[in-house]
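**Student:** The numbering of the sequence shown is our numbering, which starts it at 14 and goes up by one.
The following block contains the structure, expressed as structure tokens.
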Amino acid sequence: MTAIARRMQAPVEVAPLGAFARRLLFYVFVAIVYLAIFGIRVLPDFSVSFSLMAVYGLCAWLLLKGQANFDVPSIFLFSLILIIGCATILANSGGYFSLPSLLLLAVMYLPFTISISQGPEAERLRRYGLKCFGDLTLGLAVCAIIQYGLQYVLHASWLFNLASFVPDQFSASGLWNHAIPINGSFKANGLFQREPSGLSMLLGLAFVLEMTQARRYPRLAVMALAMALSYSGTGILIAAAGLLLPTNGSALRRTLILLAVGAVFLLIFRGLLNLDVFLDRATEFDKPNTSGYARFVAPMEVVKYGFGSSWWAPYIGNGPGTIQPAIIRYTTTYAIHDPTWAKLLFEYGVLGFSIMVGFAISMVRRSAAPVELKISLFYTWFAAGGLLLNPDVLGLLFGLSALWRAPSLLPIQAAPQRFPIARAA
Numbered sequence: 014m015t016a017i018a019r020r021m022q023a024p025v026e027v028a029p030l031g032a033f034a035r036r037l038l039f040y041v042f043v044a045i046v047y048l049a050i051f052g053i054r055v056l057p058d059f060s061v062s063f064s065l066m067a068v069y070g071l072c073a074w075l076l077l078k079g080q081a082n083f084d085v086p087s088i089f090l091f092s093l094i095l096i097i098g099c100a101t102i103l104a105n106s107g108g109y110f111s112l113p114s115l116l117l118l119a120v121m122y123l124p125f126t127i128s129i130s131q132g133p134e135a136e137r138l139r140r141y142g143l144k145c146f147g148d149l150t151l152g153l154a155v156c157a158i159i160q161y162g163l164q165y166v167l168h169a170s171w172l173f174n175l176a177s178f179v180p181d182q183f184s185a186s187g188l189w190n191h192a193i194p195i196n197g198s199f200k201a202n203g204l205f206q207r208e209p210s211g212l213s214m215l216l217g218l219a220f221v222l223e224m225t226q227a228r229r230y231p232r233l234a235v236m237a238l239a240m241a242l243s244y245s246g247t248g249i250l251i252a253a254a255g256l257l258l259p260t261n262g263s264a265l266r267r268t269l270i271l272l273a274v275g276a277v278f279l280l281i282f283r284g285l286l287n288l289d290v291f292l293d294r295a296t297e298f299d300k301p302n303t304s305g306y307a308r309f310v311a312p313m314e315v316v317k318y319g320f321g322s323s324w325w326a327p328y329i330g331n332g333p334g335t336i337q338p339a340i341i342r343y344t345t346t347y348a349i350h351d352p353t354w355a356k357l358l359f360e361y362g363v364l365g366f367s368i369m370v371g372f373a374i375s376m377v378r379r380s381a382a383p384v385e386l387k388i389s390l391f392y393t394w395f396a397a398g399g400l401l402l403n404p405d406v407l408g409l410l411f412g413l414s415a416l417w418r419a420p421s422l423l424p425i426q427a428a429p430q431r432f433p434i435a436r437a438a
């Protein structure tokens with residue numbers, strides 16, 4: 014067994030990473046940023062997303078060309094997750110559970126057991142991927158600003174719901190709030206995202222990337238404006254998670270500068286853009302029927318409710334796919350969301366939660382991505398929403414971080430050098 018593990022981790026000669034690898038990585042980010050409303054419907058209530066297909070296409074090509082290998086610790090943790098999933102199905106066989114939910118989890122997290130072979134070619138491809146994501150998201154930010162302004166001219170409902178033009182067999186699964194009104198207008202969703210929170214999430218990650226790499230201030234301004242027009246706090250929290258934690262001396266200075274710039278931006282545009290909405294969001298955590306309460310407070314009540322359903326529920330959970338039916342049964346007068354942490358605790362118990370979080374931390378820790386981006390990605394996956402089985406978020410976690418193994422696995426890594434490009438817009 015030891016010999017097999019050594020052979021799997023041993024360096025191998027690989028062909029150079031060329032244009033085709035770049036094209037496949039580009040397709041991954043295009044699918045995430047601009048094709049979120051599309052999918053291939055395979056069941057009446059389920060569509061395969063283009064981002065998942067793109068990730069598997071990239072993985073297959075890298076493996077076939079010998080340019081990626083399986084990570085033994087990741088395979089071990091992935092196997093433990095599946096074992097816990099099977100155990101909770103057996104324990105809850107007398108009640109409701111969803112086997113397709115466990116199979117979907119297996120399909121979506123299998124790519125995270127591989128990492129690309131190290132070397133200068135892989136590093137150039139990684140930097141190309143970061144640049145692609147930044148450029149594509151900047152285009153989405155421009156679309157969001159134009160969309161928000163056009164609503165005062167066109168007054169057309171399709172401006173915030175392009176999905177209405179997509180045939181059902183090519184539409185993404187799920188129900189989404191495309192057009193969300195606020196003070197007589199609609200929140201921007203960037204035309205191509207399903208909800209304003211999706212736009213805000215992408216912009217928050219792109220903002221972190223731009224701040225830690227090229228730091229082109231015109232781009233940062235465009236992203237900040239588009240994030241404000243989404244009127245969603247998701248991106249702000251994602252950016253704050255990565256940029257405001259004082260991980261070192263320079264990060265502390267950056268934290269103080271960002272807080273000062275944010276305060277100035279709020280004072281200048283508070284009345285023009287109605288930014289009091291964001292200040293009001295900060296008080297939502299103790300108010301039922303608000304987004305903050307539904308995302309961060311109410312799920313804990315559902316978890317407590319689920320833990321009381323059986324003696325084994327706190328340890329191995331209530332079974333895959335059970336939290337949404339439980340939320341319906343757990344009748345309340347307020348809305349409840351199912352963030353990743355709550356879904357894991359409810360469905361897979363403390364054991365499944367611990368293994369899955371350990372799996373995610375190991376993926377982030379081994380990555381060559383900037384530490385700020387890794388923190389933001391982990392927060393996005395863990396707490397930003399019901400994203401445990403979201404293919405677009407998992408595609409970001411894979412393409413921006415998990416695929417790229419760092420040269421060293423020391424606990425503290427220096428952030429990679431910035432892109433060697435000019436600071437022009």
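C-beta: ideal position from N, C-alpha, C; glycine also.
No experiment lies behind these values; they were computed from the predicted model shown.
Can you tell which of L71, A119, A100 has its C-alpha closest to the C-alpha of G330?
**Tutor:** Comparing Cα positions, the closest option is A100.
**Student:** Using CA coordinates, which residue listed in L364, R418, N403 is at the minimum distance from L93?
**Tutor:** Checked all of L364, R418, N403; the closest Cα to L93 is L364.
**Student:** Using C-beta distances below 7 Å, list every residue in its chain close to L357, excluding the 5 sequence neighbours before and after it, in chain order.
**Tutor:** Cβ neighbours of L357 beyond the five flanking positions: G365, F366, M369, L401.
**Student:** Taking one C-beta from the segment 143-152 and one from the segment 37-56 each time, how about it: are there three or more such pairs within less than 8 Å?
**Tutor:** Touching, per the Cβ criterion.
**Student:** Whose CA, out of F183, S60, A32, lies closest to the CA of G142?
**Tutor:** Comparing Cα positions, the closest option is A32.
**Student:** Between the Cα of L163 and the Cα atoms of D405, K144, L204, which residue gives the shortest distance?
**Tutor:** Cα-wise, what sits closest to L163 is L204.
**Student:** Using the three-state DSSP reduction, which class does A81 fall into: helix, strand or coil?
**Tutor:** Looking at A81 - three-state DSSP - the assignment turns out to be strand.
**Student:** Where does I50 sit, in a helix, a strand or coil, going by DSSP?
**Tutor:** Reduced to three states, the DSSP call for I50 is coil.
**Student:** Look at the alpha carbon of A254 and the alpha carbon of F359, and state the distance between them as a whole number of angstroms.
**Tutor:** The straight-line gap from Cα to Cα measures roughly 25 Å.
**Student:** According to the neighbour-count rule (16 or more other Cβ atoms, all chains shown, within 10 Å of its Cβ), is V406 buried or exposed?
**Tutor:** Buried: at least 16 other Cβ atoms inside 10 Å.
**Student:** What do you reckon, are the CB atoms on I341 and A239 nearer than 8 Å?
**Tutor:** No, Cβ-Cβ distance for I341 and A239 is not below 8 Å.
**Student:** In whole angstroms, what separates the C-alpha of L269 from that of Y165?
**Tutor:** Taking the straight line from one Cα to the other gives about 37 Å.
**Student:** What are the boundary residues of the beta strand (DSSP E) that includes I127?
**Tutor:** Segment 127-129, the beta strand (DSSP E) holding I127.
**Student:** Give me the Cα-Cα distance between S186 and F59, rounded to the nearest whole angstrom.
**Tutor:** Taking the straight line joining both Cα atoms gives about 5 Å.
**Student:** With a threshold of 8 Å on Cβ separation, who are the neighbours of L116 within its own chain once the five nearest residues in sequence on each side are excluded?
**Tutor:** Closer than 8 Å at Cβ, skipping near neighbours: no residue.
**Student:** If the criterion is Cβ atoms closer than 8 Å, does the pair A192 and S170 meet it?
**Tutor:** Yes, they are a contact pair.
**Student:** What do you get for I281, buried or exposed, if any count of 16 or more other CB atoms within 10 angstroms of its CB means buried?
**Tutor:** Exposed is the call here.
**Student:** Sorted by chain position, which residues of the same chain lie with C-beta nearer than 6 Å to P124's C-beta, five sequence neighbours on each side aside?
**Tutor:** V68, C72, F411, listed in sequence order.
**Student:** What are the boundary residues of the alpha helix (DSSP H) that V310 is part of?
**Tutor:** Per DSSP, V310 belongs to no alpha helix (DSSP H) and is neither H nor E.
**Student:** DSSP on I195, reduced to helix/strand/coil?
**Tutor:** It is a strand residue.
**Student:** So what's S177 in DSSP terms, helix, strand or just coil?
**Tutor:** In the structure shown, S177 sits in a helix (DSSP, three-state: H, G or I).
**Student:** With respect to the beta strand (DSSP E) encompassing S7, which residues constitute its N-terminal and C-terminal limits?
**Tutor:** As shown, the chain starts at 14 and ends at 438. That puts residue 7 outside it, with no answer to give.
**Student:** Let me see if you follow: with CB-CB separation under 8 Å, is R266 close to chain B or not?
**Tutor:** Among the chains of the structure shown, chain B does not appear; only one protein chain is present.
**Student:** Is the number of C-beta pairs between the segment 379-390 and the segment 210-226 that are closer than 8 Å three or more?
**Tutor:** Yes, the segment 379-390 touches the segment 210-226.
**Student:** Does the segment 72-88 come close enough to the segment 101-111 that 3 or more CB-CB pairs lie under 8 Å?
**Tutor:** Touching, no, given that fewer than three Cβ pairs across the two stretches are closer than 8 Å.
**Student:** Can you tell me whether R418 is buried or exposed? The criterion is at least 16 other CB atoms within 10 Å of its CB, across all chains shown.
**Tutor:** So R418 counts as buried.
**Student:** What residues in its chain sit with their C-beta under 6 Å from that of A437, if we drop five residues either side in the sequence?
**Tutor:** Note on A437: pLDDT 40, under 50, position unreliable in the model; the coordinate value appears next. Result list for A437: empty, nothing under 6 Å.
**Student:** Tell me which residue opens and which closes the alpha helix (DSSP H) that A419 is part of.
**Tutor:** Counting along the chain, A419 falls outside any alpha helix (DSSP H), and DSSP gives it neither H nor E.
**Student:** DSSP state of S186, grouped into three classes?
**Tutor:** DSSP places S186 in coil when its eight states are reduced to three.
**Student:** In its own chain, which residues sit with a C-beta less than 8 Å from the C-beta of A18, not counting the 5 before and 5 after it?
**Tutor:** Residue placement at A18 cannot be trusted, given a pLDDT of 47 that sits under 50; what the coordinates show is reported in the next sentence. Hits under 8 Å: V85.
**Student:** Please go through the same chain and pick out, in chain order, the residues whose beta-carbon is closer than 8 Å to the beta-carbon of S184, but skip the five residues on each side of it.
**Tutor:** Answer for S184: I50, F51, G52, R54, S60, A176, listed in chain order.
**Student:** How should K200 be labelled, buried or exposed, when 16 other C-beta atoms within 10 angstroms of its C-beta is the threshold for buried?
**Tutor:** Counting Cβ neighbours within 10 Å, K200 comes out buried, since at least 16 surround it.
**Student:** How is the alpha helix (DSSP H) around Q337 delimited, first residue to last?
**Tutor:** Element bounds for Q337: 336-342.
**Student:** Is L56 helix, strand or coil when you go by DSSP?
**Tutor:** In this structure, L56 counts as strand in the three-state DSSP scheme.
**Student:** To the nearest angstrom, how far is it from the Cα of I195 to the Cα of N174?
**Tutor:** Roughly 16 Å between the two C-alpha positions.
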